[in-house]
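Take a look at the structure set out below.
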Amino acid sequence: MKITRTLLGLVVAAAAIVGTAAPAAAADTCDFSMTSLKARNLDKDNGRQTDFVWLQVEQRWFPSGGDGVEFELGDTRTAASFGHPAAGFGSDGLEVRLVLDKSPLNVTVDRIVIACDAVSDRKVTFDDGDAVYDLVYDVTG
1218 MKITRTLLGL
1228 VVAAAAIVGT
1238 AAPAAAADTC
1248 DFSMTSLKAR
1258 NLDKDNGRQT
1268 DFVWLQVEQR
1278 WFPSGGDGVE
1288 FELGDTRTAA
1298 SFGHPAAGFG
1308 SDGLEVRLVL
1318 DKSPLNVTVD
1328 RIVIACDAVS
1338 DRKVTFDDGD
1348 AVYDLVYDVT
1358 G
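Under this note's numbering, think of the first position of the sequence shown as 1218, with each following residue one higher.
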């Protein structure tokens, strides 16, 4: 009888361990790549007819090197102008900010979070009520 109880206890314990040791779900992984950025409206507070723009993709800056990309009203710049912004990311999404180079501080126009869903030539708008830019991008995954 003692052997049966011990054996039964081991079976119950093994079943509990097996029941809680379910495999983890596979993480979604995606890749973002910029296609182009278009200036639909410039920042009027800068006193010039140009903006200098960066994209901040998570913690990385595009272009690198400290100088933003110059835009006049209506200009469209390709990914090459920014050093080909690209990043891998997961199901939590990818944060992208459009930032103006204004002295003495940089100013974030807007931020978006890109979902880990496959898209091609998706357009999103960065808009702070003054400067307006359209970003076109792809996500694969």
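Beta carbons are placed, not taken as given, at the ideal position from N, Cα and C, and that holds for glycine.
None of these values were measured; they are calculated from a predicted model.
Alpha-carbon spacing of ALA1303 relative to ILE1329, whole angstroms: One-based indexing of the sequence shown puts residue 1303 at position 86. One-based indexing of the sequence shown puts residue 1329 at position 112. For ALA1303 and ILE1329, the distance between alpha carbons rounds to 15 Å.
According to DSSP, LYS1340 sits in a beta bridge with which residue or residues? As a first step, residue 1340 is located in the sequence shown; it is residue number 123 there, counting from the start. DSSP, once it has assigned bridges, lists VAL1353 as partnering LYS1340.
Residues that DSSP places opposite SER1253 in a beta bridge: If you number the sequence shown from 1, residue 1253 lands on position 36. Bridge partners of SER1253 according to DSSP: THR1295, VAL1353.
Cβ distance (whole Å) where ASP1355 is taken to contact THR1252 below 8 Å: Locating residue 1355 in the sequence shown gives position 138, counting from the first residue. Locating residue 1252 in the sequence shown gives position 35, counting from the first residue. Contact holds; Cβ gap of about 6 Å.
Which residues in the same chain have their Cβ closer than 8 Å to the Cβ of GLY1307, if we skip the five residues on either side of it in sequence? For the purposes of this step, residue 1307 is identified with residue 90 of the sequence shown, where counting begins at 1. Same-chain partners within the cutoff: ALA1244, ASP1245, THR1246, CYS1247, CYS1333.
Can you tell me the Cα-Cα spacing of GLU1275 and LEU1315, whole angstroms? As a position in the sequence shown, residue 1275 is number 58, starting the count at 1. As a position in the sequence shown, residue 1315 is number 98, starting the count at 1. Approximately 11 Å between the Cα atoms of the pair.
Answer yes or no: does any C-beta atom of chain C fall closer than 8 Å to that of ALA1303? This model lacks chain C altogether; it includes just one protein chain.
Paired residues, beta bridge with ASP1268 - DSSP: Within the sequence shown, residue 1268 is the residue found at index 51, counting from 1. PHE1288.
Alpha carbon of ARG1277 to alpha carbon of ARG1339, nearest angstrom: Translated into positions along the sequence shown, residue 1277 becomes position 60. Translated into positions along the sequence shown, residue 1339 becomes position 122. Approximately 21 Å between the Cα atoms of the pair.
Counting C-beta neighbours from all protein chains within 10 Å, is the total for LEU1254 16 or more, i.e. buried, or is it exposed? The residue given as residue 1254 occupies position 37 in the sequence shown. So LEU1254 ends up on the buried side.
Whole-number beta carbon distance between ALA1348 and ASP1284, since they are thought to touch under 8 Å: As a first step, residue 1284 must be located in the sequence shown, where it is residue number 67. As a first step, residue 1348 must be located in the sequence shown, where it is residue number 131. Under the criterion of beta carbons closer than 8 Å, ASP1284 and ALA1348 do not qualify as touching, at roughly 18 Å.
In its own chain, which residues sit with a C-beta less than 6 Å from the C-beta of LEU1352, not counting the 5 before and 5 after it? Within the sequence shown, the letter at position 135 stands for residue 1352. Here LEU1352 has LEU1254, VAL1341 as same chain residues with Cβ atoms under 6 Å from its own Cβ, once five neighbours each way along the sequence are excluded.
If you measure between the beta carbons of GLY1358 and ILE1331, is that distance less than 8 Å? The residue labelled residue 1358 in the question sits at position 141 within the sequence shown. The residue labelled residue 1331 in the question sits at position 114 within the sequence shown. Their beta carbons are not under 8 Å apart, which means GLY1358 does not touch ILE1331 by this criterion.
Taking a contact to mean a Cβ-Cβ separation below 8 Å, would you say ARG1265 touches TYR1350 in this structure? In the sequence shown, the residue the question calls residue 1265 occupies position 48. In the sequence shown, the residue the question calls residue 1350 occupies position 133. Going by C-beta atoms, ARG1265 is not nearer than 8 Å to TYR1350.
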